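Read through the structure below, which is laid out as structure tokens, and then see the notes.
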Amino acid sequence: MGSGAVVSGGLRISCDKDTGVAVLTLDRPARLNAIDVATASELAAAWQAFRFDDTVRAVVVTGAGERAFCTGLDRAAEVPQPDSPFMVDDPLLRIGPKANDLWKPVVAAVRGMACGGAFYLLGEAEFVVADETAAFFDPHTTYGMVSAYESVYLAQRMPFGEVARMALMGTAERISARRAHEIGLVSELTPPGGALAAAVSCATVIASYPSDAVQGTVRALWQAQEATRAAALAHAPQLVSLGNLPGDRQAELFAARRPGGFRTR
């Protein structure tokens, strides 16, 4: 049946009925594929739709343009919060496949920057393919925010010391694609511009296998770490509420940032 494409707000989705592979693209390159509230809702809806589409047997998630895979929550997004440390509304909480009960395999293809809230997506992919331009960092502490969800997701696939260093160094340091490959965050490194094709190639192989066996394997893999992940995420809202600076102070720190003030390792 060939390929079909759907564009919806901040997303672009193409589905190849012949291979069974869908490519979900964050399509906000002018905003470095940062996720606003509308795009967050679209992501959740897309993952839920894939659950019911039997023609989709594997998914690749990527970002449009050359500069970024995703830079997390759009700083322009307005997210009202309850006036209580016990209730936190996280707009990115359901942007990933596992948060929407999708157990079809997901491969992430990264080009350019992946930071902050991008780890909600990378953390719920089965594995990550990146090209040599990729760079990973977590800016939260620099701007007076707690890295809770991001650190929990990364702790599932990186050595503890590397997660701690990324979270605590903030914007002062970025992990290169090469280093990310060395420590296991990235499973395959490609030349510039090659990550998407490599991810689709992997997804095509996986999609060619019996779907129930593949989904059962995905579920088994995640079950191995489910208890630890669920327990850690349960504490995240309160840590964020207690540790984050007020929004106006965060904005001041963000506005004062200096381009290029980081090292890459």
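Quick note on this note's numbering: the sequence shown kicks off at 1 and runs consecutively. Idealized CB from N, CA, C, for every residue including glycine. No experiment lies behind these values; they were computed from the predicted model shown.
Alpha carbons only, please: which of the options is nearest the one belonging to residue i?
i	options	result
C70	K104, V88, R57, L122	L122
S84	A251, A255, P246, A109	P246
M169	T141, V110, L253	T141
P210	S176, M166, K104	K104
G10	W47, A68, L26	L26
M145	E252, T264, V59, V56	E252
R342	A213, R229, G193	Here the chain has residues from 1 to 265 only, and residue 342 is not among them.
V88	H235, G260, F254	H235
A99	G184, R51, G194	R51
R57	F119, K17, A155, H181	K17
Between which two residues does the beta strand (DSSP E) holding residue i run?
i	result
I129	Before going further, note that residue 129 is Val rather than Ile in the sequence given. It spans 127–131 - the beta strand (DSSP E) in which V129 sits, taken as one unbroken run.
M113	113–115
I175	173–176
A22	21–26
L185	Note, L185: premise wrong, no beta strand (DSSP E); not H, not E.
V205	V205 -> not in any beta strand (DSSP E); alpha helix (DSSP H) instead, spanning 195–207.
T228	That residue, T228, is in no beta strand (DSSP E); its alpha helix (DSSP H) goes 226–243.
F136	135–137
T62	58–63
V110	106–110
A68	68–70
Would you mind stating whether residue i and residue j have Cβ atoms separated by less than 8 Å?
i	j	result
A207	F262	no
A109	V79	no
M113	R179	no
V128	S187	yes
A148	L239	yes
C15	G72	no
D131	G194	yes
Can you give me the start and stop residues for the alpha helix (DSSP H) that residue i sits inside?
i	result
R12	Note, R12: premise wrong, no alpha helix (DSSP H); beta strand (DSSP E) at 11–16.
A118	118–122
S151	149–155
S41	37–52
Please report the Cβ distance between residue i and residue j, rounded to the nearest whole angstrom; I am assuming they are in contact, meaning their Cβ atoms lie under 8 Å.
i	j	result
T19	T204	5 Å
P97	V107	Their Cβ separation, rounded to whole angstroms, is 11 Å, which puts P97 and V107 out of contact at 8 Å.
F119	E150	4 Å
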